[in-house]
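To start, the structure under review is shown below, and the notes come after it.
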């Protein structure tokens, strides 16, 4: 009793650039990320977020 090899080999289906793009893994780059903007009422100037270095809470006026 022998095991037959599969007739369809998926890697061969990725020959064309269109098929490769369709099955490609996702690549995350810094340019694709979004930095959150935190807005807080009742503050006069931006307040640093202690757990996120470089990120501050803004007032509505400081965003203008």
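In our numbering, the protein residues as written are 1 to 64.
From the three backbone atoms N, C-alpha and C, an ideal C-beta is built for every residue, glycine too.
A direct Cα-Cα distance of roughly 56 Å separates residue 16 from residue 43. Secondary structure of residue 34 (DSSP, three-state): coil.
A distance of 7 Å or more separates the beta carbons of residue 39 and residue 46. Our two residues, residue 30 and residue 4, have alpha carbons roughly 46 Å apart in a direct line.
With respect to residue 21, residue 14 sits apart: the two C-beta atoms are not nearer than 7 Å.
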